[in-house]
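Student: Residue numbers (our numbering): 8 to 262.
(1) In three-state terms, what does DSSP make of residue 152?
(2) Rank 173, 178, 181 and 177 by C-alpha distance to the C-alpha of residue 187 and give the top, closest one.
(3) According to the Cβ coordinates, are residue 90 and residue 211 closer than 7 Å?
(4) Buried or exposed, going by whether 16 or more other CB atoms sit within 10 Å of the CB of residue 135?
(5) In angstroms with no decimal places, state the Cα-to-Cα distance between residue 123 and residue 82.
(6) Cβ of residue 184 within 7 Å of Cβ of residue 176?
(7) Going by CA-CA distance only, name the one from 99, 166 and 75 that's closest to residue 199.
(8) So what's residue 78 in DSSP terms, helix, strand or just coil?
(9) Rounded to the nearest angstrom, what separates residue 215 and residue 67 at their Cα positions?
(10) Less than 7 Å separating the beta-carbons of residue 152 and residue 201?
(11) Would you tell me roughly how many angstroms separate the C-alpha atoms of residue 182 and residue 61, rounded to the nearest one?
(12) Among 92, 178 and 139, which one has its Cα closest to the Cα of residue 131?
(13) Could you give the uninterrupted runs of the alpha helix (DSSP H) lying entirely in the region 134-199, keeping only those of 4 residues or more?
(14) Quick check: what's the CA-CA separation for residue 110 versus residue 75?
(15) Which same chain residues end up closer than 7 Å to residue 144 when comparing Cβ atoms and leaving out the 5 residues on each side of it in sequence?
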């Protein structure tokens with residue numbers, strides 16, 4: 008009789024120790040449900056959107072299609088994601104060939120700020136080039152196209168803003184990149200700044216190039232290594248900590 012009773016009781020006890028499992032549920036595209044008991048000790052789920060790094064890296068940036076088309080890609084980036092024009096890089100290149108200095112474009116295999124200015128005017132937007140300083144960039148409330156001299160090559164990028172002494176750029180070839188202010192000053196070609204203004208007959212749009220609290224940039228490790236490096240504690244403090252961890256309490260008298 009005891010055997011008959013203990014059998015079901017053992018089964019009940021063993022069954023209570025089995026961890027419950029939830030059946031997989033269809034998730035929306037690009038979302039993943041993280042079990043909160045794993046990350047926060049709770050039982051609720053938190054939807055997390057998963058994206059590849061490449062998608063973040065080039066978000067709101069028109070990637071240049073050719074080695075020589077950084078100018079058209081930078082221009083299209085500003086036109087699309089700041090001013091709201093529905094244009095492609097190919098259309099921008101064709102427009103600058105039509106309204107710009109065609110012979111010079113073919114000769115130098117690239118576009119100039121004058122070519123950009125004439126194409127922007129054909130869309131109804133005024134634009135202008137300036138010679139500026141870092142202090143001017145700090146006050147700037149809109150993105151700008153700036154030329155840089157990087158590794159011996161002339162290259163156009165989009166300046167987005169300065170935060171915490173870091174310069175945020177949208178690079179048609181490298182994606183979102185970040186330099187220190189001093190590094191950017193060394194790369195900035197002739198302190199040139201090119202601004203494109205909204206057309207008067209178009210409704211204003213929210214700029215997708217404005218800096219937000221959720222930024223992703225490629226930062227040189229040397230910029231963050233020094234501030235993040237843990238300083239070694241004083242020798243006596245290290246000895247105290249090691250001894251107390253293994254042998255109990257021991258204190259050094261400081262002179």
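From the three backbone atoms N, C-alpha and C, an ideal C-beta is built for every residue, glycine too.
Tutor: In short:
(1) The answer is strand: DSSP assigns residue 152 an E or B state.
(2) It is 173.
(3) Between residue 90 and residue 211, the gap from beta carbon to beta carbon reaches 7 Å or more.
(4) Residue 135 is exposed by the Cβ-count criterion.
(5) In a straight line, the C-alpha of residue 123 is about 7 Å away from that of residue 82.
(6) In contact: residue 184 and residue 176 (Cβ atoms closer than 7 Å).
(7) For residue 199, the nearest C-alpha among the options comes from 166.
(8) Correct three-state label for residue 78: helix.
(9) Going by C-alpha positions, residue 215 is about 7 Å away from residue 67.
(10) Yes, the pair counts as a contact, with Cβ atoms nearer than the cut-off.
(11) About 9 Å.
(12) Minimum Cα-Cα distance from residue 131 among the listed residues 92, 178 and 139 corresponds to 92.
(13) Correct list: 141-146 and 188-194.
(14) Residue 110 and residue 75 have their C-alpha atoms spaced approximately 16 Å apart.
(15) These residues qualify, in order along the chain: 166 and 169.
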